[in-house]
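Report on one structure; see the data block that follows.
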Amino acid sequence: MSRLVYAGLLAVLVVAAVYAAYKTESPLTEQVSPTGEFGGVSLRIEYALTPAARERGLGGRMNLPSDYGMLFVFPEDGYYGFWMKDMLVPIDIFWLDSDGHLVSIISDIATSTYPDVFYPIAPARYVLETAAGFAETHAIATGTPLLLKNFQTVSK
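If you number the sequence shown the way numbering that gives the first Met the number 0 does, the last residue is 155 and the count never jumps.
Dropping the structure here:
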């Protein structure tokens, strides 16, 4: 009987270890910063640094707080297109140059627009997604900087 108890305990430990490893190694994104500032407004910023994290983005989120944004970091400037695949809430999309200044914006993009792809009017290195209405509420305009602690180290 003691073998059965040990086997059961071993099975529980293995399952717990696999679960813990899965939870640890599969974050939505690779890095989180407590805050950033965009247009004088504090934002909690979540980074999407890898291709998988960038593809997943905010898809599947049931809600998006008004003080929250996801920053997509690309290795070089480009005309990066975004769609609303798996999106459950409308968003504003901001394209920023390598210095973190806004170069293009599309506001209040509805979830029903998928499979349309939205592109910036100028090359961008970073893309920020926020809840729809952020741009209008905070009068965000071309040239507005996104300020983050260690912005340059994040971009590498």
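Every residue, glycine too, gets a C-beta built ideally from N, C-alpha and C.
The beta strand (DSSP E) enclosing residue i, as first and last residue numbers
i	result
residue 124	123–130
residue 147	145–147
Where the alpha helix (DSSP H) through residue i begins and ends
i	result
residue 52	50–55
Residues bridged to residue i (per DSSP)
i	result
residue 43	67
residue 72	125
residue 105	92
residue 35	42, 147
Buried/exposed call for residue i, threshold 16 Cβ in 10 Å
i	result
residue 103	buried
residue 220	In the structure displayed, the chain extends from 0 to 155; residue 220 sits before or after that span and is not available.
residue 64	exposed
residue 34	exposed
residue 56	buried
residue 123	buried
residue 52	buried
residue 50	exposed
residue 83	buried
residue 129	buried
residue 145	buried
residue 86	buried
residue 131	buried
Rounded distance between the beta-carbons of residue j and residue i, thought under 8 angstroms
i	j	result
residue 40	residue 137	5 angstroms
residue 44	residue 59	Rounded, the Cβ-Cβ distance is 19 angstroms, inconsistent with contact.
residue 47	residue 72	7 angstroms
residue 81	residue 117	5 angstroms
residue 126	residue 90	Not a contact, Cβ separation roughly 11 angstroms.
residue 66	residue 42	6 angstroms
residue 119	residue 78	6 angstroms
Helix, strand or coil at residue i [DSSP, three-state]
i	result
residue 110	helix
residue 136	helix
residue 97	coil
residue 77	strand
Contact test: residue i Cβ vs the ligand PLP heavy atom, cutoff 7 angstroms
i	result
residue 108	Ligands displayed in this structure: none; no statement on the ligand PLP is therefore possible.
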